[in-house]
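Here the sequence shown stands for residues 13 to 385, numbered as in this note's numbering.
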Amino acid sequence: MEVPFIDLKAQNRSLKSEIFPLWEEILESAGFIGGKHIDAFEDEFAKACNTRHCIAVNSGTDALRFILIALGLKSDDEVITVPNTFIATTEAITQAGGKPVFVDVDPITYNMDHRKLEAAITSRTKGIVPVHLYGQPADMDSILSIADKHGLWVVEDACQAHLAEYKGHKTGSFGTAGAFSFYPGKNLGACGESGAVTTNNGDLAKKVKQIRDHGQSKKYYHDIEGYNGRCDALQAAALRVKLKHLTAWNESRRKNANLYFDLLKSIDCIVLPRIDNNCISVFHLFVIQVENRNQVQKRLSKKGISTGLHYPIPLHLQKAYKYMNLHPGSFPITEQAAERLLSLPMYPELTKAQIRYVSEELISAINEGVEEC
Ligand SMILES: Cc1ncc(COP(=O)(O)O)c(C=O)c1O
């Protein structure tokens, strides 16, 4: 049996009849930039996240970068985040003019370890960017209370956690602002590139809107230099259609996760995802830990099962950050996880038979040993 890591084709097929009429209308009107679908999507996504504002942009990276630029980072301003995230998190900090500072993650949730946060705060720290990794919210109460104590802002990297909840509130609604990615493989994915900023702060929303559109508040009146970082109408229309299905898709992901939990819970050598009682995860990824990860992955691949690694090289050990002079051993929890983590297939359309097959093959790979791989 073939089990892809994600199956976007299945989702596209089921939505064609809803998306195509909207795209036809946009093609007919040639209204590709701005327009009613952008405005409507921004309203609908803000409502879904329970925030006052949503600003649709070109990607999750732009969402993060524009928030940080709007917050006015200056060179040498430090921003604390985690080393086990996609590089976009730290690219945004650096490109907005700041300096990323890492704290290690919690060994249970893989999210920012608030117990290590205060030790990383200096007189140059301006803010914190927790990442809601794999769809599970970070420990927001602890992070917000430390930020409050030290006068720091908090920007949520919610690029993997659309509509996930912490103590009954949606991600993207806790901090000064939240950043979302609608990269095609995300829980809410565009048919191309797209992202959004959510915030309750009207001034910040206004600034981000300006920054995404060449710094102009009115056509050809540029108050500042900005970027070409707009979301286009075709993406917004597709996202409006998909947003209606997001709650059901997230529920299907949780059901799929529960079946994996049932089938794998008695296998000692597998560390399953652990979801904090305060959180409702949206299982963007279903990430386990196993010994001999690379061999297990190869073996599953031979059986037609695609898996992923999120992330195999921690950011502080990437070539791009050699200048930080951080060596192996700097963030042991992240480093140990990087060698053992394996992301199993996870998407709403995954069938029970596929989950059973993945689980059986995973158990065989572990039980039979992996020498012959
Ligand atoms: C945690 C995290 N942050 C930021 C991003 C950047 O989003 P995008 O690819 O839309 O720029 C991603 C997307 O992969 C992500 O997973």
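Here a beta-carbon is modelled for each residue, glycine too, at the ideal position from N, C-alpha and C.
- With a threshold of 7 Å, the Cβ atom of Phe298 does not count as near ligand 1, since no heavy atom of the ligand is closer than that.
- In this structure, Gly72 has its beta carbon less than 7 Å from a heavy atom of ligand 1.
- Taken in chain order, the complete alpha helix (DSSP H) segments of 4 or more residues contained in the stretch 81-165 are 100-107, 129-132, 152-162.
- Taking 4 residues as the minimum length, the alpha helix (DSSP H) runs contained wholly in the stretch 152-236 are 152-162, 214-224, in order along the chain.
- A residue is called buried once 16 or more other Cβ atoms fall within 10 Å of its Cβ, and Thr134, having fewer, is exposed.
- Not one heavy atom of ligand 1 is found less than 7 Å from the C-beta of Val141.
- A straight line joining the alpha-carbon of Arg286 with that of Gly43 spans about 46 Å.
- If you check the CB distance, Asn123 and Val117 come in under 8 Å.
- When Cβ pairs closer than 8 Å are counted between the two stretches, the stretch 66-74 is seen to touch the stretch 234-244, the count reaching three or more.
- Inclusion of Leu76 in the 7 Å shell around ligand 1 follows from its C-beta lying nearer than that to a non-hydrogen atom of the ligand.
- According to DSSP, Ile300 shares a beta bridge with Leu354.
- Boundaries around His49 are those of the alpha helix (DSSP H), 48-61, since no beta strand (DSSP E) includes it.
- Runs of alpha helix (DSSP H) with 4 or more residues, each lying fully within the stretch 314-376, are found at 344-352, listed in chain order.
- According to the DSSP assignment, Ile287 belongs to no alpha helix (DSSP H), since it is labelled neither H nor E.
- In the structure shown, Asn70 adopts coil according to DSSP, grouped into three states.
- Assigned with DSSP and collapsed to three states, Ile45 falls in strand.
- Between the alpha carbons of Glu373 and Lys315 lies a distance of about 8 Å.
- Comparing C-alpha distances from Leu34 to each of Gln23, His49, Lys21 shows the shortest one belongs to His49.
- By a beta-carbon distance limit of 8 Å, Gly227 contacts Asp235. Their separation comes to about 6 Å.
- Residue pairing by DSSP places Val15 opposite Ile317 in a beta bridge.
- Excluding residues up to 5 positions away in sequence, Ala108, Gly109, Gly110 lie with their Cβ nearer than 6 Å to the Cβ of Leu85 in the same chain.
- Nearest neighbour of Ile300 by Cα position, chosen from Ser264, Pro357, Trp261, Glu177, turns out to be Pro357.
- Under the three-state reduction of DSSP output, Arg242 falls in the strand class.
- Around the beta-carbon of Arg127, fewer than 16 other beta-carbon atoms lie within 10 Å, marking it exposed.
- It is roughly 8 Å from the alpha-carbon of Cys291 to the alpha-carbon of Gly180.
- Distance check between Val113 and each of Lys138, Ala377, Tyr195, Ala58 places Lys138 closest, using alpha-carbon atoms only.
- The C-alpha of Ile158 lies about 45 Å from the C-alpha of Ala365.
- Pairing Phe32 with Leu327, the inter-Cα distance amounts to about 40 Å.
- The nearest non-hydrogen atom of ligand 1 is less than 7 Å from the C-beta of Gln172.
- Per DSSP, the beta bridge partners of His65 are Thr211.
- Between ligand 1 and the CB of Tyr359, the shortest heavy atom gap is not smaller than 7 Å.
- Short of 6 Å from the beta carbon of Cys66, and not among the five residues preceding or following it, lie these beta carbons of its own chain, in chain order: Glu54, Phe57, Ala58, Ala208, Thr210.
- Segment contact: the stretch 151-171 against the stretch 184-199, three or more CB-CB distances shorter than 8 Å; contact assigned.
- Judged by DSSP in its simplified three-state form, Ile378 adopts helix.
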